[in-house]
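Heads up: the sequence shown at position 37 corresponds to 37 in my numbering, and the numbers run straight through without jumps.
Inspection log for the structure reproduced underneath, given as structure tokens.
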Amino acid sequence: MPNHVLNQEQSICPRKQHVSGTRTWNLHRYIKDSMASGLDLADCIQLPEGCQLDEWISVHVIDFFNEISLLFGTISEFCTHSSCPQMSAGPCYTYLWADGVQQVTPVSLPAAEYVARLLEWVEGQLDDPKLFPESYSTSTNSNGSEKSNPKFMRAVRNILKRLFRVYAHMYHNHLQNYVALHAESHLNFCFKRFILFVRQFELIEQKELNALRKLIQTLVAQPMVMTNF
């Protein structure tokens with residue numbers, strides 16, 4: 001059994017740690033300190049001077065992965081095969097699973113199994129040093145501007161598009177569970193940061209966000225401070 005399968009007795013969620021002492025770890029701490037200081041989230045996501053775009057995106061993708069893992073683990077006991085037989089976001093959106101390797105043909109799965117496979121797949125991407133190295137070297141275009149790795153950007157867009165689906169499922173199908181657990185404010189904070197970031201750097205197409213379009217409009221307009229979880 002994969003070590004990411006979630007059940008009602010125990011939630012086992014994958015976690016990708018930043019390596020202490022590396023630039024990515026320092027950036028991770030910089031982000032956390034900025035948010036804890038009360039700085040507006042829209043300012044916290046801005047690319048710092050001297051930081052490569054790929055490096056900045058990499059740190060955030062790892063953070064988003066960890067946050068979603070914990071958030072879903074919080075309500076995993078309520079996301080059963082009977083309550084959520086499909087990976088859906090309300091009645092209008094259903095997501096099929098395929099990773100192009102082990103599962104080539106898209107297949108319908110219970111939400112919990114979809115999320116478990118997704119988190120395992122994302123963790124595999126994050127563990128690939130060619131996509132997510134611990135250190136970054138400067139790479140520029142002939143005009144002196146920074147050059148992103150096209151393979152990295154394709155992988156990131158695919159990862160974030162799929163992670164958004166977990167948020168869509170959690171909001172449409174389990175919001176009442178977060179409210180009952182007094183965790184709604186943390187869910188909202190994490191999601192707003194996620195949305196501001198992917199919109200700032202154009203990492204998810206707008207059509208992929210439509211499942212939570214109204215919520216996004218509301219959250220983006222609301223002031224929000226960092227929450228503890």
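The beta-carbon is built from N, C-alpha and C at its ideal position, and this holds for glycine as well.
Practice prompt. Identify every residue that forms a DSSP beta bridge with SER34.
Written response: Looking at the DSSP assignment, SER34 forms no beta bridge with any residue, so it has no partner.
Worksheet item: According to DSSP, what are the bridge partners of VAL107?
Response: For VAL107, which the question treats as bridged, DSSP gives the partners TRP97.
Worksheet entry | Contact the region 50-70 vs the region 112-128: 3+ CB pairs below 8 Å | Note that the region 50-70 touches the region 112-128; at least 3 beta-carbon pairs, one per stretch, sit closer than 8 Å.
Worksheet entry | Delimiting residues of the alpha helix (DSSP H) encompassing ALA221 | Taken as a continuous stretch (DSSP letters only), the alpha helix (DSSP H) holding ALA221 covers 213-221.
Worksheet item: Could one say the Cβ of ILE68 lies closer than 8 Å to chain D's Cβ atoms, at least one of them?
Response: Of the chains in the structure shown, none is chain D; there is only one protein chain.
Worksheet item: Going by C-alpha distance, which of VAL179, ASN173, SER34, ALA211 is nearest SER82?
Response: From the listed residues VAL179, ASN173, SER34, ALA211, the smallest Cα separation to SER82 is found for ASN173.
Item to complete: Under 6 Å Cβ to Cβ from SER58, same chain only, skipping five residues before and after it: list those, please.
Response: Same-chain partners within the cutoff: PHE132.
Item to complete: Might you give, ordered along the chain, the residues of its own chain that have their beta carbon closer than 6 Å to the beta carbon of GLU55, omitting 5 neighbours on each side?
Response: When the five nearest sequence neighbours on each side are left out, the beta carbons in the same chain lying within less than 6 Å of the beta carbon of GLU55 are those of TYR136, in order along the chain.
Worksheet item: Which word fits PRO48, buried or exposed, when buried means at least 16 other C-beta atoms lie within 10 angstroms of its C-beta?
Response: Exposed.
Item to complete: Using the DSSP secondary-structure output, state which residues sit across from SER88 in a beta bridge.
Response: The partner list for SER88 (beta bridge, DSSP) reads THR94.
Fill in: Contact the region 205-225 vs the region 163-171: 3+ CB pairs below 8 Å
Judged by Cβ distances under 8 Å, the region 205-225 makes contact with the region 163-171, as three or more pairs qualify.
Worksheet item: Quick one: Cα of GLN206 to Cα of ASN177, how far?
Response: Each residue's Cα considered, the two are about 27 Å apart.
Worksheet item: Thinking just about the alpha-carbon of each residue, which of MET153, MET35, LEU187 is nearest to the one in VAL198?
Response: By alpha-carbon distance to VAL198, the top candidate from MET153, MET35, LEU187 is MET153.
Worksheet item: How about GLU134 and THR22: are their beta carbons less than 8 Å apart?
Response: Yes.
Fill in: Close-in-space but distant-in-sequence residues of the same chain around CYS190 (CB under 7 Å, 5 per side omitted)
Taken in chain order, the residues that qualify are GLU67, LEU71.
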